[in-house]
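Have a look at the structure below before the remarks.
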Amino acid sequence: MSEGGAASEQPAVPFAPKFVFDGKRMRKPVFRRTVDFNCSLIRRLKNYYKDSLYNKTSPSSTDPNSIINFQSTNAYPHSPSSLATTKFIHTSTNKIRCPVNVAKVLIHILKVVDSRRQKVDHGILKWRAHEQAVRALAWSHNGNFMLSGDNLGSIKYWQPNMNNVQVIQGHHESIRDLTFSPTDLKFASCSDDSAIKIWDFIQAKEERQLRGHGWDVKNVQWHPNFSLLASGSKDNTVRLWDPRMDQPQLALIHGHKNTVLDIKWNQNGKWLLTCGKDQVIKLYDIRKLEELQTFKGHKKDITSLSWHPFQESFFASGGFDGSLMFWNIGTESNVGLIDNAHEQAIWSMDWHPLGHILTTGSNDHTTKFWTRNRPGELAVTTVQAFENKYNNDL
């Protein structure tokens with residue numbers, strides 16, 4: 001996967017020579033911008049049986065020469081800090097500059113869809129999907145359909161080839177979030193009209209409304225296994241719902257002192273992560289409705305969250321000031337930080353299914369891509385102005 005883009009000043013390959021002889025003259029080396037994960041997967045498959053047989057895990061290394069033993073992200077379960085994608089690899093911008101409200105990785109073809117006009121990385125595919133700004137995207141679990149919602153409250157169905165097959169008027173105000181049920185037969189939507197709606201996906205019909213929030217509903221997420229939804233609102237509350245019941249509200253959580261901006265279920269189905277304008281992230285165990293941990297570190301509102309696809313205790317968070325942080329449950333401080341990942345708020349983020357690349361979409365009109373450091377490279381704690389013509393980090 002070859003990437004092209006802006007450059008960073010701080011060399012992440014400290015052992016590389018400053019000048020090389022190209023056959024005619026001495027000049028600065030130019031490093032090809034690549035993200036190659038095939039070799040790491042092959043190495044992981046080769047070592048998997050041996051590591052499982054002896055109950056071993058692959059140790060991470062800082063030796064540059066150990067790059068040949070570099071494995072995929074699931075090979076380092078006891079080294080979560082090595083999963084932090086603090087290395088910048090590419091930025092994508094559109095000709096028509098506007099904020100990127102949401103970014104999602106396509107499950108099958110592994111391209112990135114953002115919400116400017118729904119554009120795939122490198123301009124492979126671009127089309128005008130809505131008449132107003134796209135606010136929400138959601139892929140079905142089987143990867144056969146994508147939902148999109150806009151500022152006018154309309155919801156559209158898309159096939160993987162981006163063929164629009166259905167349009168429904170879902171809400172009277174802006175759609176804020178969309179989420180599929182575990183079976184993909186239902187989906188839920190939430191809006192600034194303070195309503196959560198449950199829809200029959202096949203018939204494209206509304207089944208019921210969930211009322212209880214006193215203000216805009218900013219996000220709704222379906223539990224990965226059960227008929228259970230979690231929602232966060234401008235009324236500072238998180239609510240749990242069972243849409244099958246006559247009285248669907250199961251629990252009310254007053255954990256934040258300001259607007260709840262994002263919530264995410266962990267794939268283990270036990271943990272719920274929330275964040276908001278009070279600059280804290282909270283982790284809840286829904287089995288007991290207890291708060292397990294509070295994460296502090298962001299200086300501004302926390303606008304987005306994303307769990308790592310393999311390591312269940314590892315997640316990333318994005319801030320209103322453009323900061324990007326990485327956290328591990330049980331650790332008080334962050335395990336990775338990029339102060340100025342974006343110039344403005346990070347509205348959305350999504351992991352590559354293999355966990356080695358993170359995509360972030362921002363109010364600064366850009367979609368950026370980040371990867372983990374290779375052995376011997378220095379972890380980045382801040383991103384300075386990208387002025388160098390060539391990115392020696394790569």
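Quick note: the sequence shown, position 189, residue 189 per our numbering, numbers continuous.
Every residue gets a Cβ at the ideal spot worked out from N, C-alpha and C, and that includes glycine.
Is the separation between the beta-carbon of residue i and that of residue j shorter than 8 Å?
i      : j      : result
Lys277 : Leu261 : yes
Phe326 : Thr73  : no
His365 : Cys98  : yes
Ser148 : Trp139 : no
Val280 : Thr294 : yes
Thr367 : Val100 : yes
Lys300 : Phe314 : no
Ile175 : Ser194 : no
Ser227 : Arg244 : yes
Glu173 : Gly143 : no
Thr360 : Ala103 : yes
Phe19  : Lys28  : yes
Ser231 : Ile196 : yes
Trp307 : Gln249 : no
His171 : Ser191 : yes
Trp347 : Asn363 : yes
Leu178 : Ala204 : no
Ser333 : His298 : no
Arg372 : His356 : yes
Leu289 : Trp241 : no
Can you pull the DSSP bridge partners for residue i?
i      : result
Thr360 : Met349, Lys368
Val217 : Ser233
Ile338 : Leu324
Ala188 : Thr179, Ile198
Ala316 : Ser306, Phe326
Lys28  : Beta-bridge pairing links Lys28 to no other residue.
Val280 : Lys296
Leu137 : Ser148
Asp262 : Cys275
Lys156 : Ser148, Val167
Val238 : Gly232, Ile253
Glu291 : Tyr284
Val20  : Arg27
Near residue i, which residues of its chain fall below 7 Å by C-beta distance, leaving aside the five closest residues on each side in sequence?
i      : result
Leu358 : Thr85, Ala316, Met349, Trp351, Trp370
Gly23  : none
Phe180 : Ala138, Ser140, His141, Phe187, Trp222
Asn225 : Pro182, Gly269
Phe145 : Tyr157, Trp158, Gln159
Leu272 : Ala230, Ile263, Trp265, Tyr284, Ile286
Trp215 : Ser194, Ser233, Lys234, Asp235
Cys275 : Leu261, Asp262, Ile281, Ile302, Leu305, Ser317
Between which two residues does the beta strand (DSSP E) carrying residue i extend?
i      : result
Ser304 : 302-307
Val165 : 164-169
Asp200 : 196-200
Gln249 : 249-253
Arg208 : 205-210
Phe70  : Element bounds for Phe70: n/a, residue is neither H nor E.
Ala103 : 103-105
Lys87  : 87-93
Residues in the same chain with beta-carbon distance under 6 Å from residue i, minus the five sequence neighbours each way, listed in chain order, please.
i      : result
Arg117 : With a pLDDT of 44 at Arg117, under the threshold of 50, the modelled position of this residue cannot be trusted; read the value that follows with caution. Within the same chain, Arg117 has close Cβ partners Arg128.
Ser81  : Val335
His130 : Asp150
Compute every distance between the C-beta of residue i and the non-hydrogen atoms of the ligand ZN, then say whether any falls below 7 Å.
i      : result
Trp370 : You won't find the ligand ZN in this model; it holds no ligand whatsoever.
In its own chain, which residues sit with a C-beta less than 8 Å from the C-beta of residue i, not counting the 5 before and 5 after it?
i      : result
Ile202 : Leu185
Val167 : Ser154, Ile155, Lys156, Tyr157
Leu53  : Unreliable positioning characterises Leu53 in this predicted model, as indicated by a pLDDT of 48, which lies under 50. The coordinate reading is nonetheless provided below. Nothing listed; no residue qualifies.
Met26  : Phe19, Val20
Taking 8 Å as the cut-off, does the segment 279-294 touch the segment 338-356 (at least 3 CB pairs, one atom from each stretch)? no
The segment 256-275 contacting the segment 230-241, beta-carbon criterion three pairs below 8 Å: yes
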